[in-house]
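What follows is a single structure, written as structure tokens, with notes after it.
In the working numbering, the protein residues as written are 26 to 320.
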């Protein structure tokens, strides 16, 4: 019988499967395993990202900027504008629209344009970064190529596939009703943490119990335990406090360790990342197991 993870993996490379439908399956699987960061990612891809929401790296890119110059005898000249240090953000495009909107732009007959505000056009002209003799910079816009937009859609599909593959590799039953989750098996937490961070492009991964080399590096290595705890988003002070508790108790079920984990779950220990406190707490349990050599 085909599992939900199989459907996501197969659908990610099947052009007949709509990206929106693929993402909804990811949302179901993420909800069942306890990955709210992935659920939020799916919702934002489908509905768009709020202005204050964290934007994945693949939705941010530098773009070409074209300027329209007007001059004598109603002449009009379009010319590519060179970047300028005072206008770095203006040359960067941050795409917060729903994925369906980006797909429609990608399917259009011409590349999309994002026009600058009039006052910003005037400031660029005043900077002297570029000028055409006897002409005035009338308008400027970012050119968002259809190829780059298709790249965003393709990246989303790839992220969906990577999420399912990472889970399936270690927990084949994940995503099914009654399957393993962060709540029922702390070993799921590091996988969820890593897949969530890979989606947003943080590039920060932590050790899991399924990698022999990681087990060897972490066992009895306090510095590595602290480093990995910091990778989870803990401050240096909190990471050392956790290491102290594990080192002193030599057991993940003793009061100092469980008390620290409870504070993480309650939000008393700040983690500052796009994953839930349950995922962080579960990941800390797995790191402690690796440090203590507990299978």
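Ideal placement from N, C-alpha and C gives every residue a C-beta, glycine not left out. Computed from a predicted model, the values in this text were never measured in an experiment.
message: Relative to the C-alpha of residue 258, which candidate in 309, 220 and 78 has its C-alpha closest?
response: When 309, 220 and 78 are compared, the shortest CA-CA separation from residue 258 is found for 309.
message: Report the start-end ranges of each alpha helix (DSSP H) in the segment 53 to 103 that is 4 residues or longer and not cut off at the edges.
response: 61 to 72
message: Distance check for residue 139 and residue 155, CA to CA, integer angstroms please.
response: 20 Å
query: The alpha helix (DSSP H) with residue 291 in it runs from where to where?
result: 280 to 291
- prompt: For residue 193, is the classification buried or exposed, using 16 other Cβ atoms within 10 angstroms of its Cβ as the cut-off for buried?
  reply: buried
message: As a quick exercise: from 178, 150, 244 and 201, pick the residue whose alpha carbon is nearest that of residue 122.
response: 178
query: Roughly how many angstroms lie between the CA atoms of residue 108 and residue 116, to the nearest whole one?
result: Inter-residue distance for residue 108 and residue 116 is about 7 Å (C-alpha atoms, whole angstroms).
query: So what does residue 164 bridge to, in DSSP terms?
result: Partner residues in the beta bridge of residue 164, as assigned by DSSP, are 93.
query: Do the CB positions of residue 264 and residue 251 come within less than 8 Å of each other?
result: yes
- prompt: So, are the CB atoms of residue 276 and residue 290 less than 8 Å apart?
  reply: no
Supposed contact pair residue 92 and residue 174 - C-beta distance, whole angstroms, cut 8 Å: Wrong, their Cβ atoms sit about 22 Å apart, outside the cutoff.
- prompt: Beta-carbon separation of residue 220 and residue 187 under 8 Å?
  reply: yes
message: Applying the 10 Å Cβ sphere with the 16-neighbour rule, what's the burial state of residue 120?
response: buried
- prompt: By the 10 Å Cβ neighbour count, where 16 or more other Cβ atoms means buried, how is residue 72 classified, buried or exposed?
  reply: exposed
field: DSSP-derived helix/strand/coil call for residue 238
entry: Confidence at residue 238 is low in this model, with a pLDDT of 47, below 50, so the placement of that residue should be treated as unreliable; the coordinate-derived value is given next. Helix, per DSSP.
task: From the DSSP output, in three-state form, read off residue 139 for me.
output: strand
query: Among residues of its own chain, excluding the 5 on either side of residue 307, which ones have a beta-carbon nearer than 6 Å to its beta-carbon?
result: In chain order, 207, 211 and 214 place their CB closer than 6 Å to the CB of residue 307, counting only its own chain and leaving out the 5 sequence neighbours on each side.
- prompt: Can you give the beta carbon distance from residue 181 to residue 70, rounded, assuming they're within the 8 Å contact cut?
  reply: 6 Å
field: Beta-carbon separation (whole angstroms), residue 30 vs residue 55, contact threshold 8 Å
entry: Actually they are not in contact, since the Cβ atoms of residue 30 and residue 55 sit about 11 Å apart, beyond 8 Å.
Status (buried if at least 16 other CB within 10 Å, exposed otherwise) for residue 84: buried
Inter-residue Cα distance where the pair is residue 300 and residue 218: 7 Å
field: Simplified DSSP assignment, three categories, for residue 314
entry: helix
- request: Measure how close the beta-carbons of residue 118 and residue 169 come, nearest whole angstrom, since I'm counting them as under 8 Å.
  value: 6 Å
field: Rounded separation between residue 216 and residue 197 - CA only
entry: Residue 216 and residue 197 have their C-alpha atoms some 13 Å from each other.
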